[in-house]
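Position 264 (the sequence shown) corresponds to 354 in the numbering used here; numbering is contiguous. Inspection log for the structure reproduced underneath, given as structure tokens.
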Amino acid sequence: MSTQENYQTATEDKISTLRKIIYGFGAFVNNLLGAAIGTMTIVLNLGLGMNPALVGLLGALPRLVDAFTDPLMGYISDHTRSKWGRRRPYIFWGAIVAGITFALLWQLPRGQSEEFYFWFFLIGSIIFYLAYTIFATPWVALGYELTPDYHERTSIMAVQNFMGQFAWLFAPWFLLFMQNESLFSDMIEGASWLAVIIGLFTIIVGILPAIFLTERFTPIATSKTIIDPNAPPVKPRSLSYAVADFFKGFLITLKFKPFLSLCGATFLVFNGFMMVSAFQSYVIIYYVFGGDQALGAEYVGWAGTVSFISTSCAIFIVTKLSSWLGKRNAFFITIAISIFGYALKWICFTPDNPMLVIIPPIFFSFGLGGLFTLMGSMVADVCDLDELETGERREGMFGSIYWWVVKLGLAAAMAAGGFLLHATGFDVALAGAQSADTLFYMRLADVLVPVFCSVVAIWMVATYPITEKMAHDTRSKLEARRGKMAAEVNALDENTDGVTPA
Numbered sequence: 091m092s093t094q095e096n097y098q099t100a101t102e103d104k105i106s107t108l109r110k111i112i113y114g115f116g117a118f119v120n121n122l123l124g125a126a127i128g129t130m131t132i133v134l135n136l137g138l139g140m141n142p143a144l145v146g147l148l149g150a151l152p153r154l155v156d157a158f159t160d161p162l163m164g165y166i167s168d169h170t171r172s173k174w175g176r177r178r179p180y181i182f183w184g185a186i187v188a189g190i191t192f193a194l195l196w197q198l199p200r201g202q203s204e205e206f207y208f209w210f211f212l213i214g215s216i217i218f219y220l221a222y223t224i225f226a227t228p229w230v231a232l233g234y235e236l237t238p239d240y241h242e243r244t245s246i247m248a249v250q251n252f253m254g255q256f257a258w259l260f261a262p263w264f265l266l267f268m269q270n271e272s273l274f275s276d277m278i279e280g281a282s283w284l285a286v287i288i289g290l291f292t293i294i295v296g297i298l299p300a301i302f303l304t305e306r307f308t309p310i311a312t313s314k315t316i317i318d319p320n321a322p323p324v325k326p327r328s329l330s331y332a333v334a335d336f337f338k339g340f341l342i343t344l345k346f347k348p349f350l351s352l353c354g355a356t357f358l359v360f361n362g363f364m365m366v367s368a369f370q371s372y373v374i375i376y377y378v379f380g381g382d383q384a385l386g387a388e389y390v391g392w393a394g395t396v397s398f399i400s401t402s403c404a405i406f407i408v409t410k411l412s413s414w415l416g417k418r419n420a421f422f423i424t425i426a427i428s429i430f431g432y433a434l435k436w437i438c439f440t441p442d443n444p445m446l447v448i449i450p451p452i453f454f455s456f457g458l459g460g461l462f463t464l465m466g467s468m469v470a471d472v473c474d475l476d477e478l479e480t481g482e483r484r485e486g487m488f489g490s491i492y493w494w495v496v497k498l499g500l501a502a503a504m505a506a507g508g509f510l511l512h513a514t515g516f517d518v519a520l521a522g523a524q525s526a527d528t529l530f531y532m533r534l535a536d537v538l539v540p541v542f543c544s545v546v547a548i549w550m551v552a553t554y555p556i557t558e559k560m561a562h563d564t565r566s567k568l569e570a571r572r573g574k575m576a577a578e579v580n581a582l583d584e585n586t587d588g589v590t591p592a
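Written out as structure tokens, the structure reads:
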């Protein structure tokens with residue numbers, strides 16, 4: 091590893107701390123919704139007695155809808171033209187609708203069959219994720235365009251990642267809250283009230299980036315306008331044209347190799363972490379505490395608190411490493427630390443000394459801290475390189491596909507966790523009397539899956555090509571091109587009395 095050639099951040103490229111925090115509120119909401127639905131689905135198994143394999147399917151199936159709606163929302167956001175901007179209207183209304191639908195999703199009726207609960211939750215989840223996409227996709231794209239500076243992008247992503255971690259601070263305590271006997275009659279009632287609280291918070295906080303942030307990039311004239319100034323006005327685009335243009339942009343984005351490396355690594359690292367978040371709870375409750383749900387839930391919460399503190403520290407460490415060694419090398423270091431943490435779980439998750447469960451999160455939290463600090467910044471660099479090659483800005487498309495991969499990782503973790511749990515022989519009816527083989531296989535999967543995913547992620551990022559110098563050169567070329575196009579458009583406006591052909 092060698093130090094990088096550093097370029098000074100220009101004053102006009104810096105984003106104030108207040109604006110970074112406001113953008114970070116979106117990360118808090120985004121992570122809170124994802125963490126909540128992942129954590130609260132345990133109610134379907136422990137509260138309603140659903141087969142864990144079915145619970146896993148409920149986490150995975152809505153992602154089939156996301157596979158289409160996320161890129162579509164990215165395309166819509168990229169091509170929206172309004173006086174409020176391309177992103178802000180969707181962020182505002184998406185936060186409101188997502189908050190309402192999340193609260194309604196957990197108002198589970200009593201005394202129904204397993205089949206009823208499956209379809210109720212599946213249909214409700216699909217509606218919720220549609221609203222979630224309307225909010226999250228434009229919010230992500232907005233972050234990519236707040237600044238064109240290589241290092242300031244990492245700083246923005248560090249702040250938003252730090253604020254997003256508060257969701258993971260609270261999420262591990264959701265189980266303890268939902269089964270609090272002094273507040274609720276059972277876990278199902280606890281989930282219904284928790285969902286209302288989260289829904290209201292989503293609405294109030296989620297709209298802040300739409301209200302207080304501005305968008306950097308505005309549509310500029312295309313080369314076709316400049317090449318043929320005497321062409322007749324272009325008619326409004328037809329639906330068939332929009333569909334063809336959507337698939338064209340979608341395929342270009344998917345074929346962009348630097349972006350694919352980032353998506354693959356993100357899927358693997360995040361999937362590994364979510365295996366920790368979902369599967370780990372069962373290991374702590376049924377192996378470390380012999381089936382004591384209340385005590386196990388408390389320690390799950392403490393492990394989550396330690397994870398939050400460690401991740402927060404990792405975010406600022408990785409930001410410094412990025413400026414010294416480059417984003418790719420910083421990624422290698424943080425993922426290696428997280429692998430060590432996952433391996434420690436085999437030793438530290440023990441009924442002989444339950445307090446040791448708080449040690450592995452100190453290390454494996456570096457994976458998530460480094461991932462979303464560096465990857466968001468790296469995707470922003472990819473957007474610049476894509477514009478240089480294609481002449482179009484596709485933050486929405488890149489962001490939508492990237493975050494669909496994140497949500498796919500969450501779904502894969504939930505589905506894999508459910509099926510793995512079922513495959514180990516786990517039976518909720520046995521409570522603390524699970525077999526020795528079941529406990530062994532639960533622990534083995536909890537360690538090996540995230541370690542394997544992290545190792546493959548390092549291999550995938552090894553070929554990522556964008557260095558600081560390359561990013562700087564790309565920006566210089568883009569600004570020269572934009573300046574030339576703007577000058578030609580201004581000259582064209584003067585020659586046509588200010589009327590520019592569409």
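A virtual CB, placed ideally from N, CA and C, is assigned to each residue, including glycine. Keep in mind the model is a prediction, meaning the values are calculated, not measured.
1. Starting from P262, trace the alpha helix (DSSP H) both ways and give me its first and last residue.
2. Determine the contact status of G489 and G164, defining contact as a CB-CB distance below 8 angstroms.
3. Along the chain, where does the alpha helix (DSSP H) containing E204 start, and where does it finish?
4. Nearest by alpha-carbon distance to A261: which of Y113, T395 and I375 is it?
5. Three or more beta-carbon pairs under 8 angstroms between the region 188–196 and the region 207–223, yes or no?
6. How long is the line joining the alpha carbons of L510 and H562, rounded to whole angstroms?
7. From which residue to which residue does the alpha helix (DSSP H) around D476 run?
8. If I follow the unbroken alpha helix (DSSP H) through D536, where does it start and stop?
9. State yes or no: is the C-beta of A420 within less than 8 angstroms of the C-beta of L434?
10. Where does D160 sit, in a helix, a strand or coil, going by DSSP?
11. Can you check which of these residues, I246, I301 and G457, is closest to D103 by C-alpha distance?
12. Let me make sure I understand the geometry here. Which of T401, G481, V495 and Y432 has the alpha-carbon closest to that of G460?
13. With W258 and F456 assumed to form a contact (beta carbons below 8 angstroms), what rounded beta-carbon distance in angstroms separates them?
14. Could you check how far apart the C-beta atoms of G137 and M277 are, in whole angstroms? I think they sit under 8 angstroms.
15. Can you check whether the CB of M130 is closer than 8 angstroms to the CB of A226?
16. Which of helix, strand or coil does DSSP assign to G139?
17. Grab the span of the alpha helix (DSSP H) containing W392 for me, first residue to last.
18. Run the CB neighbour count on S106, radius 10 Å, all protein chains shown included, and call it buried at 16 or more, exposed below.
19. From the DSSP output, in three-state form, read off R178 for me.
20. Would you mind giving the Cβ-Cβ distance between W263 and G391, rounded to the nearest angstrom? I have them listed as a contact below 8 angstroms.
21. How many Å lie between A502 and E479 at the Cα?
22. Taking 7 angstroms as the line, does the beta carbon of C403 fall inside it for any heavy atom of the ligand MG?
23. Contact between the region 438–452 and the region 221–238: three or more CB pairs below 8 angstroms?
24. On a CA-only basis, which of F357, W174, I294 and V551 is nearest F422? Give me that one, please.
25. Using the Cα positions of T424 and V408, report the straight-line distance between them to the nearest angstrom.
26. So, at 6 angstroms on beta carbons, what are the nonlocal neighbours of L122 in its own chain, with the 5 sequence-adjacent residues on each side left out?
Answer, in terms of the structure:
1. Neither: P262 is in no alpha helix (DSSP H) and is coded neither H nor E.
2. Yes, the pair counts as a contact, with Cβ atoms nearer than the cut-off.
3. E204 -> alpha helix (DSSP H) spans E204 to Y234.
4. For A261, the nearest C-alpha among the options comes from T395.
5. Judged by Cβ distances under 8 angstroms, the region 188–196 makes contact with the region 207–223, as three or more pairs qualify.
6. Rounded to whole angstroms, the separation of the alpha carbons of H562 and L510 is 46 angstroms.
7. Looking at the DSSP string, the run of the alpha helix (DSSP H) that includes D476 is P450 to T480.
8. In the DSSP assignment, D536 falls within the unbroken alpha helix (DSSP H) covering A526 to V551.
9. Taking a C-beta distance under 8 angstroms as the contact criterion, A420 and L434 do not qualify as a contact pair.
10. In this structure, D160 counts as helix in the three-state DSSP scheme.
11. From the listed residues I246, I301 and G457, the smallest Cα separation to D103 is found for I246.
12. The candidate whose alpha carbon is nearest that of G460 is T401.
13. Not really, about 13 angstroms apart at Cβ, beyond 8 angstroms.
14. Going by Cβ atoms, the distance from G137 to M277 rounds to 4 angstroms, so yes, they are a contact pair.
15. For A226 and M130, no; Cβs fall outside 8 angstroms.
16. Under the three-state reduction of DSSP output, G139 falls in the coil class, being neither helix nor strand.
17. Residues Q383 to L415.
18. Here S106 is exposed. Its C-beta has fewer than 16 other C-beta atoms within 10 Å.
19. Here R178 sits in helix by DSSP.
20. Confirmed, about 4 angstroms.
21. The alpha-carbon separation between A502 and E479 amounts to approximately 33 angstroms.
22. Within the structure as shown, the ligand MG is missing, as the structure has no ligands at all.
23. They do not touch, by the three-pair rule.
24. Residue V551 is the option with its Cα nearest to F422.
25. The straight-line gap from Cα to Cα measures roughly 7 angstroms.
26. Excluding positions up to five away in sequence, the list reads A257.
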